[in-house]
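Colleague: One structure, pasted below without further comment.
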Amino acid sequence: MKLTALTAALLLAVSPAFAGDMEISGAFLRASPKVANAGAGFLTIKNATGQDDRLIGAQADISKTVELHTHIKDGEVLRMRPVEFIAVPAGGVAELKPGADHVMFINLVKPLAEGQKVPVTLVFEKAGKKQVDMPVMAIGTMAAPAGH
Numbered sequence: 028m029k030l031t032a033l034t035a036a037l038l039l040a041v042s043p044a045f046a047g048d049m050e051i052s053g054a055f056l057r058a059s060p061k062v063a064n065a066g067a068g069f070l071t072i073k074n075a076t077g078q079d080d081r082l083i084g085a086q087a088d089i090s091k092t093v094e095l096h097t098h099i100k101d102g103e104v105l106r107m108r109p110v111e112f113i114a115v116p117a118g119g120v121a122e123l124k125p126g127a128d129h130v131m132f133i134n135l136v137k138p139l140a141e142g143q144k145v146p147v148t149l150v151f152e153k154a155g156k157k158q159v160d161m162p163v164m165a166i167g168t169m170a171a172p173a174g175h
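Take the sequence shown: its letters are residues 28 to 175, numbered as in the working numbering.
As structure tokens, then:
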């Protein structure tokens, strides 16, 4: 009986973290002009687990494709590039913000209108999936207002 309890405790100790251990704040999307074919989403992820994790994808039905992107300086120009993952260190924070890492929504099915809320599922390598409602803010917004 003691062996069974010890085995159960060990299995719990090494099991993967759950998405509840990832605190998402400041999430928002920028509104898109009617002619835009893409949109960008931003947020802050706080990893309250004891292990490093990675954001490996996102899912939403507002676009045909959802990718993780970053900006790379190419001479004097910032260029967007897809990335396979965004690191979220144990006990640390990953900031997805304008001009840096972000979630890219490609081939929008309709324009993103200010005031709308968009459900987005974030996919973590270890923590699994976590859904977040991302409010759509004005074009050019650089950060979510306090309380989002």
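Think of the CB as a built atom: it goes at the ideal place given N, C-alpha and C, for glycine as much as any other residue.
1) Tell me M107's beta-bridge partners as DSSP assigns them.
2) Using 8 angstroms as the threshold, is the C-beta distance between V150 and G84 below it?
3) When the Cα atoms are used, what is the spatial distance from M131 to S52?
4) Whole beta strand (DSSP E) runs in the segment 46-83 with 3 or more residues, listed along the chain?
5) On the CB-based measure, 16 or more other CB atoms within 10 Å of its CB, does V104 come out buried or exposed?
6) Taking the straight line between their C-alpha atoms, what separation do you get for K137 and A63?
7) Are there 16 or more other CB atoms within 10 angstroms of the CB of D80, so buried, or fewer, so exposed?
8) Cα separation between V93 and Q78?
Modeller: On the basis of the coordinates in this document:
1) H98
2) yes
3) 18 angstroms
4) 49-57, 65-74
5) exposed
6) 9 angstroms
7) buried
8) 26 angstroms
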